[in-house]
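Sequences listed follow chains S and U, in order. Numbering-wise (our numbering), the first sequence opens with residue 52 and increments by one. Numbering-wise (our numbering), the second sequence opens with residue 395 and increments by one.
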Amino acid sequence: MSAATIFFAVLFYAATAILVVGLAVKIVDYARTPAPLKIPTTPAPTGAGGVALRMLREVALFESLFKSNLWIWAFGILFHGALLLVLLRHLRYFTEPVWFWVGWVQPFGLYAGFAMVVGLAGLWGRRFLVERIRYISTPSDHLMLALLAGIGLSGLAMKFLMHTDIVAVKAFFLGLMRFDVQPLPSHPGLYVHLTLVALLMIVFPFSKLLHAPGVFFSPSRNQADNPREQRHLAPWAAEMEKSKA
Amino acid sequence: MAAAEFTTPEMKDFPAIPALQRDAMAESKPYVAAEKINEALGFPGELVPDWESKAIDKMGDLLKKYRSLKVYLDACVHCGACTDKCHYFLGTGDPKNMPVARQDLMRGVYRRHFTLAGKLFPKLVGATELTRDVLDDWYKYYNQCSECRRCSVFCPYGIDTAEITMAGREILDSIGYGQKYSNEIIGKVHKIGNNLGLPGPALANTLEGLEEDVKEDTGVDVKFPMDVQGAEVLLVTPSADFFAEPHIDSLIGYGKVFHAAGISWTLSSKASEAGNFGMFIGNYDQLRKIAMRIREAALELGVKRIVVGECGHAWRVAYSFWNTLTGIGAGGNDPFAVQLQSQLDHRYKQPAHICEVTWDLIQRGALKFDKDANDHRIVTFHDSCNVARASRMGDAPGGQFEIPRNIIRAVANKYVEMAPGTTREATFCCGGGGGLLTDELIELRVKGALPRMEALKQVVDQQGVNFMATICAICKAQFTKVLPYYKFNRGMVGGVHQLVSTAIRLGDK
Chain S
52 MSAATIFFAV LFYAATAILV VGLAVKIVDY ARTPAPLKIP TTPAPTGAGG
102 VALRMLREVA LFESLFKSNL WIWAFGILFH GALLLVLLRH LRYFTEPVWF
152 WVGWVQPFGL YAGFAMVVGL AGLWGRRFLV ERIRYISTPS DHLMLALLAG
202 IGLSGLAMKF LMHTDIVAVK AFFLGLMRFD VQPLPSHPGL YVHLTLVALL
252 MIVFPFSKLL HAPGVFFSPS RNQADNPREQ RHLAPWAAEM EKSKA
Chain U
395 MAAAEFTTPE MKDFPAIPAL QRDAMAESKP YVAAEKINEA LGFPGELVPD
445 WESKAIDKMG DLLKKYRSLK VYLDACVHCG ACTDKCHYFL GTGDPKNMPV
495 ARQDLMRGVY RRHFTLAGKL FPKLVGATEL TRDVLDDWYK YYNQCSECRR
545 CSVFCPYGID TAEITMAGRE ILDSIGYGQK YSNEIIGKVH KIGNNLGLPG
595 PALANTLEGL EEDVKEDTGV DVKFPMDVQG AEVLLVTPSA DFFAEPHIDS
645 LIGYGKVFHA AGISWTLSSK ASEAGNFGMF IGNYDQLRKI AMRIREAALE
695 LGVKRIVVGE CGHAWRVAYS FWNTLTGIGA GGNDPFAVQL QSQLDHRYKQ
745 PAHICEVTWD LIQRGALKFD KDANDHRIVT FHDSCNVARA SRMGDAPGGQ
795 FEIPRNIIRA VANKYVEMAP GTTREATFCC GGGGGLLTDE LIELRVKGAL
845 PRMEALKQVV DQQGVNFMAT ICAICKAQFT KVLPYYKFNR GMVGGVHQLV
895 STAIRLGDK
C-alpha cells in the first residue's frame, strides 16, 4: 500500500465526513430558524403545489436568472447542467454492476466535460470584463472558479491526454465504500483531480456553495402567498401574545 | 444644513446601465435621530460607547430570529444578476447601490464574526471588521435602499435586499444610530395616532370641511364619518389622505364609493394611520405595536370589515403581516385571533384593499360611471413596489396588477401602459419609499426616480399621457416633489380613486 493511497483514502473519508456533517448542520440550522413574517416575492403561488413548481422551475431552469440576465443564465445553466451530467457519468466509479441508465449517460457526460469548462470560462470572463461584476468579485469567487475549472480540466486531461487505470480507480473507490482500501494508481493527473475534488467537498459547507441548499430555504421563494387565509406565527412572536397584548 | 447642489440626471430614450462612479453618493445620508426621539421608542439616545460589540450581538440575535437574514447572507454567489436592477444604482452609478454590494456591507461583517471561512481567511472571502467606516457606510447605504424588492425578483435565490436593509437599520437603532425621519414619525403615531401628527379634533374638523367641499362640488351629502360605533367598514388610510394633495382626492373617492354603494363606514381617530414605519426600520416590536392600534380600534368599534386605503407599504403590512401581528385576517384558531376574527364578516376578504372593494362593486353593477368625465386625462399606471412585489389583491396571483387597471379602465376611456420591464413585478420604485421621503435626501430621491421618469417620458412623448395614477401615499408625495426636476407637471400624479371620484355617479341630488 503506497503512501499516496493511504493519503487519498484518509482525505476522502475526511472530505466526505466534512461535507455530510457540515451540510447537515447548516440545513438543520436553516430549518430551525423561524421565518416570522410572510415575505414571498409576489406574484407568488397561493398553495404548496404551486410553491413546489416555482421551486422546481427555479432549481431546474433558473427562472429568475433568466428574467434577469441572459448571459449569466446561459453560462450558468451550461455549467450546472454539464456538471450534473458529469456527476452522473462518474457514478460508474461507485456502482458495480453499473446501473443501466448510468451507461446511457456516458457519452453525454463526456461532452458535458467540455461544456462545463466553457460555462465556467464564461462565468469567469464576466468577472474580468464586466465592471460591475469585477467590483463585487472577491478572491474566493475567483478561487472557486479556478477550483472547478481545475477539476474539469484535469478530468478531461485524463480522458484525452494521459490515461490512467480507471479500473483500478474504480476498485479504489468501491474499496473505500466497503472500508477496504485498495491501491490507487500512481498518476499525477489523477492526484491533482482527486485533490481538487476533495477540496471542493471540504469547502462546500463553509462557502457560497451553500446557495445549493440555501435556495430551498429562501422565504421569498418557498412561502405560499396566503397570509390572509392562514395565520402564520413564529414561536418567538407567539410568546409576545402570551405575555401581553 | 441644506442639501448640496446636484444635477438632475438626463433622461435617455434608451436607458443605459451607468458606469461605476465610486462614492458618488457617499455624502448622502439622512439626519441622525436625536436623543429624545430614540428614547421614546426604547432605543439608546445616541451611539453607545461599546457599539461594536453591541452591534455584533444584535446581529447574532437577528440571525437566530430571521431565517431570511441567515440564508441570504450565506447564499449569494456574487453572480451579478442584481447589479443593474436597483433604481438608486441606475440613477447614481454608486457601486454600493448595487444590491449585492449593499448586502456585502453586512455580509463582510457576518463572515468575519459568524463563519469559519471569515474567521480563518478574512481577506480571501471579503470579510471585514465592523469599523467606524463600515458602520458609517451602513448608515449611509442602508438609508439609500427603499426596500422595494426589485432585486429579489431577479435573484436566482430570491435574496431580498430589503431584509438586509431592515436588519441593518434594526442594528443601527439598537446602538443609538437611528434615522430621524422614520423614528420621529413612529413617535408621532404612538403619541398622536398618525404619521403627520394630526390630533383627533383637527381630524374631525378636516373631515367636516371635506363634507362641505364635496357638497359644494356635487350637491350630494357624502359623509366622512369618524369613530362611528357599529359601522360595517373601518377604513384605515394613510394620514396624508386627510389633507395632502393629491392624496385627498382619493379619500373623496373612497367616500363616494361607500356612499354610492350604501355601505356604512367609519374612520377611527385612534387608528387614523395605515402607514407602519415599523417595517421600514425592521423592528418587529414597533411593527406590531403600530399594527395593534388597528385591531384595538376594530374591536372597540365593532366593525365587520377592515379596508385599507391607497398606501403601498401599508398594504404590504396589512395584507402580509396583519394576520400574523394582530389576527386581522382569517384561519386563526388561537384565542387572540379568534376574538377578532369571530367579529369579522368572512364573506369579504379581511383585510381588503379599497381597490378590491371598488372593483367588487363595479363587477356587481353597484357603481355607475360617466367615463367621459375623465376624457381630459390620458392615464398611465405606476405599480407601487410594496403592492406589486409584496402583496396581492383578489383571488389569483397578479390581482394586484389587474384590479387597479380594471378600475381605471372602468372609469376612464384613455389608458396607456408604460414599457414592459418598468411595470408590474418589474416596476421601478418612485425613489422615495422605505423611509427616505425626507428633504435632506432629495438628491437621492431625484436620482432614484430616473428609471420611472424615463418610462414616463416615453408615454408622455409618444401617447400624450398627462396623468400617472398610483395607489401609494409615498409615491404621490414623492412624484409631486420630483416631477418638476424632470420638467413634468407636478399635478400629473394622482390616485386611482381620484379617477373614480371624477367619474362616479352619486345618484339623485
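No residue lacks a Cβ here, since even glycine has one placed at the ideal position from N, Cα and C.
For U/PHE763, the three-state DSSP class (helix, strand or coil):
Counted from its first residue, the second sequence places residue 763 of chain U at position 369. Reduced to three states, the DSSP call for U/PHE763 is strand.
Residue range of the unbroken alpha helix (DSSP H) whose run includes U/GLY512
On the second sequence, position 118 is the one that residue 512 of chain U refers to. Per DSSP, U/GLY512 is one residue of the alpha helix (DSSP H) stretching across 510 to 514.
Using a threshold of 8 Å, state whether the C-beta atoms of U/SER414 and S/ARG183 are closer than that.
For this step, residue 414 of chain U is matched to residue 20 along the second sequence. For this step, residue 183 of chain S is matched to residue 132 along the first sequence. Correcting the residue identity first, residue 414 of chain U is Leu in this sequence and not Ser. It is a contact, given that the beta carbons lie within the stated cut-off.
Just to make sure I have the definition right: I need the residues of chain S whose C-beta is within less than 7 Å of the C-beta of U/HIS747. Which are they?
In the second sequence, the residue the question calls residue 747 of chain U occupies position 353. Simply none; closest approach about 11 Å.
Under 8 Å between C-beta atoms, does U/CYS823 make it to chain S?
Along the second sequence, read from residue 1 onward, the residue named residue 823 of chain U stands at position 429. Taking CB atoms only, U/CYS823 has no neighbour in chain S less than 8 Å away.
Does the contact criterion of 3 or more C-beta pairs under 8 Å hold for the segment 823 to 831 of chain U versus the segment 538 to 555 of chain U?
Yes: the two stretches touch, three or more of their Cβ pairs being nearer than 8 Å.
Mind checking whether U/VAL503 and U/VAL528 have CB atoms under 8 Å apart?
Your numbering for residue 503 of chain U matches position 109 in the second sequence. Your numbering for residue 528 of chain U matches position 134 in the second sequence. Yes; because the gap between Cβ atoms is below 8 Å, this pair is in contact.
Using only the alpha-carbon positions, how far apart do S/ALA289 and U/ALA782 sit?
As a working note, residue 289 of chain S is residue 238 in the first sequence. As a working note, residue 782 of chain U is residue 388 in the second sequence. When rounded, the separation of the alpha-carbon atoms in S/ALA289 and U/ALA782 is 29 Å.
Fully enclosed by the segment 692 to 765 of chain U, which beta strand (DSSP E) runs are 3 residues long or longer?
Contiguous beta strand (DSSP E) elements confined to the segment 692 to 765 of chain U occur at 699 to 702, taking only those with 3 or more residues.
Looking at S/PHE151: is its Cβ nearer than 8 Å to the Cβ of S/PHE224?
Within the first sequence, residue 151 of chain S is the residue found at index 100, counting from 1. Within the first sequence, residue 224 of chain S is the residue found at index 173, counting from 1. One thing to note: S/PHE151 has its Cβ no nearer than 8 Å to the Cβ of S/PHE224.
List, in order along the chain, the chain U residues whose C-beta lies closer than 7 Å to that of S/GLY265?
Taking the first sequence and counting its residues from 1, the one referred to as residue 265 of chain S is at position 214. Chain U residues near S/GLY265: VAL465, ASP468, ALA469 and TYR551.
With contact counted as at least three CB pairs below 8 Å, one residue from each stretch, are the segment 475 to 486 of chain U and the segment 403 to 420 of chain U in contact?
The segment 475 to 486 of chain U is in contact with the segment 403 to 420 of chain U.
Other residues of its chain near U/VAL622: CB distance less than 6 Å, five sequence neighbours each side excluded:
Residue mapping note: residue 622 of chain U aligns to position 228 of the second sequence, counting from 1. So the qualifying residues of the chain are THR660.
Range of the contiguous alpha helix (DSSP H) that encloses U/GLY649
Counted from its first residue, the second sequence places residue 649 of chain U at position 255. Boundaries of the alpha helix (DSSP H) harbouring U/GLY649: 641 to 655, taken from the DSSP string.
I need the straight-line Cα distance from S/LYS221 to S/ALA172, nearest angstrom please.
As a first step, residue 221 of chain S is located in the first sequence; it is residue number 170 there, counting from the start. As a first step, residue 172 of chain S is located in the first sequence; it is residue number 121 there, counting from the start. Their backbone Cα atoms lie some 30 Å apart in a straight line.
Quick one: what does DSSP say U/PHE400 is sitting in, helix, strand or coil?
The residue labelled residue 400 of chain U in the question sits at position 6 within the second sequence. Looking at U/PHE400 - three-state DSSP - the assignment turns out to be coil, as it is neither helix nor strand.
How about the segment 448 to 465 of chain U and the segment 612 to 621 of chain U: do they share at least three Cβ pairs that are nearer than 8 Å?
The segment 612 to 621 of chain U and the segment 448 to 465 of chain U do not touch, with fewer than three beta-carbon pairs separated by less than 8 Å.
For a contact defined as C-beta to C-beta under 7 Å, what are the partners of U/ARG543 on chain S?
Numbered from its first residue, the second sequence carries residue 543 of chain U at position 149. In chain order: THR92.
Could you tell me which residues DSSP puts in a beta bridge with U/ILE898?
The sequence position of residue 898 of chain U within the second sequence is 504, counting from 1. Paired residues: U/PHE763.
Could you give the DSSP three-state label for U/ALA427: helix, strand or coil?
Mapped onto the second sequence, residue 427 of chain U falls at position 33. DSSP places U/ALA427 in coil when its eight states are reduced to three.
Buried or exposed: which applies to S/TYR162, given that a residue is buried once 16 or more other Cβ atoms fall within 10 Å of its Cβ?
Within the first sequence, the letter at position 111 stands for residue 162 of chain S. It counts as exposed.
What does U/LYS698 reach in chain S if we use C-beta pairs closer than 7 Å?
As a working note, residue 698 of chain U is residue 304 in the second sequence. Per Cβ cutoff of 7 Å: no residues; U/LYS698 is ~16 Å from chain S at best.
Could you check whether the Cβ of U/ILE553 sits closer than 7 Å to any heavy atom belonging to the ligand MG?
Although the ligand MG was asked about, the structure shown includes no ligands whatsoever.
In this structure, how does DSSP classify S/TYR186 when only helix, strand and coil are distinguished?
Locating residue 186 of chain S in the first sequence gives position 135, counting from the first residue. S/TYR186 falls in the helix class under three-state DSSP.
When the cut-off is 8 Å and only beta carbons count, does U/MET492 lie next to chain S?
Against the second sequence, residue 492 of chain U aligns to sequence position 98. Yes, contact with chain S.
Listing by chain order, which chain S residues have their CB less than 8 Å from the CB of U/ASP444?
Translated into positions along the second sequence, residue 444 of chain U becomes position 50. Going along chain S, no residue has its Cβ under 8 Å from U/ASP444, so there is no contact; the nearest lies around 25 Å.
Taking the straight line between their C-alpha atoms, what separation do you get for S/ALA66 and S/ALA75?
The residue you call residue 66 of chain S lines up with position 15 of the first sequence. The residue you call residue 75 of chain S lines up with position 24 of the first sequence. Taken atom to atom, the span from the alpha-carbon of S/ALA66 to that of S/ALA75 is near 14 Å.
Could you list the residues in the segment 187 to 203 of chain S with a C-beta less than 9 Å from some C-beta on chain U, going in chain order?
Cβ contacts with chain U come from ILE187, SER188, THR189, PRO190, SER191, ASP192, LEU194 and MET195.
Residues of the segment 252 to 263 of chain S with a CB closer than 7 Å to any CB of chain U: list them in chain order, please.
Residues passing the 7 Å Cβ filter: PHE257, SER258, LYS259, LEU261 and HIS262.
Can you tell me where the alpha helix (DSSP H) with U/MET862 in it begins and where it stops?
Within the second sequence, residue 862 of chain U is the residue found at index 468, counting from 1. Not the alpha helix (DSSP H): U/MET862 falls in the beta strand (DSSP E), residues 861 to 864.
Can a CB atom of chain U be found closer than 8 Å to the CB of S/GLY173?
Walking along the first sequence from the start, residue 173 of chain S turns up at place 122. Taking 8 Å as the threshold, the shortest C-beta distance from S/GLY173 to chain U does not fall below it.
Would you be able to state if there are at least three C-beta pairs under 8 Å between the segment 864 to 882 of chain U and the segment 697 to 716 of chain U?
These segments touch.
Amino acids of chain S, ordered along the chain, whose beta-carbon sits closer than 9 Å to that of U/THR718
Within the second sequence, the letter at position 324 stands for residue 718 of chain U. Going along chain S in sequence order, the residues near U/THR718 (Cβ under 9 Å) are PRO87, LEU88, LYS89, PRO278, ARG282, HIS283, LEU284, ALA285 and ALA288.
Closest by CA to U/GLN744, which one among U/ARG786, U/GLY594 and U/THR774?
On the second sequence, residue 744 of chain U is found 350 positions in, with the first residue counted as 1. Checked all of U/ARG786, U/GLY594 and U/THR774; the closest Cα to U/GLN744 is U/ARG786.
Interface residues of chain S facing U/THR555 [CB-CB closer than 8 Å]
On the second sequence, position 161 is the one that residue 555 of chain U refers to. Going along chain S, no residue has its Cβ under 8 Å from U/THR555, so there is no contact; the nearest lies around 11 Å.
At which residues does the alpha helix (DSSP H) containing U/GLY889 begin and terminate?
Position 495 of the second sequence, counting from 1, holds the residue named residue 889 of chain U. Annotation: U/GLY889 is outside any alpha helix (DSSP H); the continuous beta strand (DSSP E) that includes it extends over 887 to 889.
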